[in-house]
Every structure is written in structure tokens, then in C-alpha cells.
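One structure is given below, encoded as C-alpha cells.
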Amino acid sequence: METQPPQIPIEKTPNSRLRELDRDEIPFGKIFGDHMLTATYAEGKWRDVKIVPYGPLELSPASSALHYGQAIFEGMKAYKSGAGEPLLFRPRDNFKRINQSADRLCMPPIDESVFMDGLAALIRLDADWIPNKKGSVLYIRPVYFATDESVGLKPSDSYKFVILTCPVGAYYSHPVKLIVTDQYVRAFEGGTGAAKVAGNYAASLLADREAKAKGYDNVIWLDGIHRKYIEECGTMNLAFVIDGVVVTPKLTGTILAGITRDSVLTLFRDWGIPVEERAIAIDEVAEACGSGTLTEAFGMGTAATIAHISTIGYQGRDLILPPVTERKLGNRVLQALEDIKTGKCEDPHGWIDRV
Ligand SMILES: Cc1ncc(COP(=O)(O)O)c(C=O)c1O
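Set out below in C-alpha cells:
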């Protein structure tokens, strides 16, 4: 006999804000769906899992996440099929990754039913918030943080898990200009670089601000020891096409194991395109750019999908990459992912979850 997951209590909002959403003008991450999932961890158990109207949480100023940074999150998206059915892309991988991040910060794992059933119930309820418009989707932000009312460094005994949603347009509306930072470091081996830890992002803000002040969109991080090998970008993994080979930094524990990165590499391998996961020095990229063997470079991430890189600022000069119209691999994989995510084509790897 099949057992049904327990029903998650739902308190519906009496005042939907959906009508106020201007689908032609959706800013990234500023408008939130009508509802959110909340769950509490206390006394060794997940409890009080419910869906409520989106709104403020009550929080003690002594909450340990605010002081010691036990806070992690995920980022994923809901899409609509041509028939209007809500689709999620590889949500189980986000579930696995949030628990890897939790493990790194001494936080208890989230129950699969809390994450997966809660997510499905929320997206089913707010499915009308998935903008049915090219380039726009519903971004989903699971966030998990410590709530012990206690000032004293130790893993918290109590936590809050929340899933909120926001309709979003394109993260980057143009090919991106990135700058290599040799002044700041994002992560070291043994650190938290491979976890989706809130503090990683706080620590990246200064470099990001300085990059923007110089007219770049974001930073390329180098490894902390040699300051030579490419790591990743602020919100994306990176890939370079050199001599027809797709080269991307290997997962060594200092970069996030991106779900988009894995999907892109899987598709390229399916298509018989050579892929190398290895250390890649920024000087190798600069030389390949100079000799014309660097034909493409792009970022890979849930928010940005495939973001073509137009320019790389390095040692005071700009490496200029070929025009985006010539980017055969980046454009092909962008389209293929889009088609899989919206149910337009076959899903050979079982990446799509129907809620
Ligand atoms: C630092 C960092 N690297 C890479 C990624 C890409 O990961 P994913 O493809 O799972 O979104 C992200 C986005 O989540 C990120 O924040």
C-alpha cells in the first residue's frame, strides 16, 4: 500500500499580491510570492511545518545565526511547461546540497519530507506566481538558520527553515564583464567554499563592490594559495572553450558544486564534446585569448543560467572575447537547458520534477 505524505497545514493569504505583479518589469529578488513554508527544529526534531502568508518572522536579537553565522541557503527555480504545469529542475540535488552545507556548519540535516514535500506544496499553491513569459521564472530560496537565544559560541540547538519565492526576470541582461581579483580570496581548502554558507557571500561583497565601481559585473576568484588558478565567479561556476575543449575548474572543495555546472558538463559529454575538469591558470586563459584559441567563456548558475563572458579584466587590461553570436557551445547548451526545464524536449536524465 502506498503511504501518502502527511498534509502540510496551509494558511492562505486573504490578500494576494499577484495582481500587482507587472510581468513586463520584474526586478531580480525584490518581489515575493504570496506564501512561504516555515519549519522549526527543536528538541532534536523537525516540527511545526506549515505554509503561511509571506511576511516577517519573529526573531530574538540574540539569535545565534546573527552572531556566529550558522546560516545557509539554496537557490533553485520553478518553470512552466507549455501546458502551464509547474516544473522543478533537479530539486533533489538542492536538497542534498543544503544538507551538505548544514553538515559543514554543524547544523542538523533537514528531513527530506520537510524540504521536498514542503517545496512541492508551496509551488503548487503559488503556481500562478511562475511568470509564463520568456526569460522569467519563479526563483525559490530555501534558507536555514540558527535561532538559539544565546550569546556563546556553540552549535545552536534550535533552527528555522523557510522557503520563500520570488518571480524574477533575467539576472544579467547582457554578456558579462568580469574582473580577476588578486587582492581578495574567496575560499581555501578546508574552509567553507564548497558550502552554500551565507558568510561566503558577505565576504565577497567588498571585491564585488570594487569590481562594479570599475565597470565590471562581477569578480573572478583565484585560488588562495598560488593566486593563479581560476576558482569561480560570485554566483556562477566558470567554463572556457579552448581549442574546442570545454575546460572548467575541478571540484576541489573550494568552489560550489553547481547543479548547472553538472548539467552543462553532462550535456556536453552526451554530445561527444570533450570536457576537462582540471586546474586552469588565469595565464592560460589570457594566452589562449591572445592566440585566438579561446573561443568562448561562460558562467553557469541557477540565477544566471548560462552567462556569456564578453570581457575579462586582468592585470590592468581587458581580454576581449569573441562576439556572442559566434558562441556555438554556450548558445547550444543554454537552449538545450531551457528546453529541458520547460518540458519542450525529452528529459533523458530525469532532471524534471512535476509538483
Ligand atoms: C558561489 C556560487 N558558485 C556557483 C553557483 C552555481 O550553482 P548552481 O548551478 O547550483 O546554481 C552559485 C549559485 O548558486 C554560487 O552561489
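In the working numbering, the protein residues as written are 304 to 658. The C-beta atom is built at its ideal place from N, Cα and C for all residues, glycine as well.
### Message
According to DSSP, is P394 part of a helix, a strand, or is it coil?
### Response
Looking up residue 394 in the sequence shown gives position 91. It is helical.
Determine the DSSP secondary structure at W654, reduced to helix, strand or coil.
Counting from 1 along the sequence shown, the entry for residue 654 is found at position 351. Residue state, collapsed to three classes: coil.
Any heavy atom of ligand 1 closer than 7 Å to the Cβ of I401? Within the sequence shown, numbered from 1, the residue matching residue 401 stands at position 98. No; taking the cut-off as 7 Å, the Cβ of I401 has no heavy atom of ligand 1 nearer than that.
For F491, the three-state DSSP class (helix, strand or coil): What you label residue 491 is simply residue 188 of the sequence shown in a count that begins at 1. Here F491 sits in coil by DSSP.
_If you measure between the beta carbons of G604 and T563, is that distance less than 8 Å?_
Start at 1 with the first residue of the sequence shown, and residue 604 comes out as number 301. Start at 1 with the first residue of the sequence shown, and residue 563 comes out as number 260. The Cβ atoms of G604 and T563 sit closer than 8 Å to each other.
V567 - DSSP class collapsed to helix/strand/coil: By one-based count along the sequence shown, residue 567 stands at place 264. In this structure, V567 counts as helix in the three-state DSSP scheme.
Classification of S566 by the beta-carbon crowding that lies within 10 angstroms, buried from 16 upward: Reading the sequence shown from its first residue, position 263 is the one you call residue 566. Buried, by the Cβ-count rule.
Spatial neighbours of E641 within its chain, please: C-beta separation below 6 Å, excluding the five flanking residues on both sides. Mapped onto the sequence shown, residue 641 falls at position 338. In the same chain as E641, and ignoring 5 residues on each side of it, no C-beta atom comes closer than 6 Å to its own.
Report task. Decide if the stretch 433–445 is in contact with the stretch 329–339; the criterion is three or more beta carbon pairs, one per stretch, under 8 Å apart. Result -> yes
Requested in this report: Go ahead and label M304 buried or exposed: buried means 16 or more other beta carbons lie within 10 angstroms of its beta carbon, across all protein chains shown.
Outcome: Taking the first residue of the sequence shown as position 1, residue 304 is located at position 1. Confidence at M304 is low in this model, with a pLDDT of 46, below 50, so the placement of that residue should be treated as unreliable; the coordinate-derived value is given next. Answer is exposed; the Cβ neighbour count stays below 16.
Proximal residues to I583 (C-beta, below 7 Å), its chain only, five neighbours per side dropped: For this step, residue 583 is matched to residue 280 along the sequence shown. Here the set comprises Y532, I533, F543, V550, P552.
* Just curious, the beta strand (DSSP E) that L467 is in, first and last residue? -> Translated into positions along the sequence shown, residue 467 becomes position 164. Start and end: 462–471.
> So, are the CB atoms of V522 and A516 less than 8 Å apart?
Replying inline: Walking along the sequence shown from the start, residue 522 turns up at place 219. Walking along the sequence shown from the start, residue 516 turns up at place 213. No, they are not a contact pair.
Review point. How many Å lie between A473 and A606 at the Cα?
Key: Counting from one through the sequence shown, the residue named residue 473 turns up at place 170. Counting from one through the sequence shown, the residue named residue 606 turns up at place 303. The straight-line gap from Cα to Cα measures roughly 8 Å.
Distance check for L467 and R322, CA to CA, integer angstroms please. Translated into positions along the sequence shown, residue 322 becomes position 19. Translated into positions along the sequence shown, residue 467 becomes position 164. Rounded to whole angstroms, R322 to L467 spans 18 Å at the Cα level.
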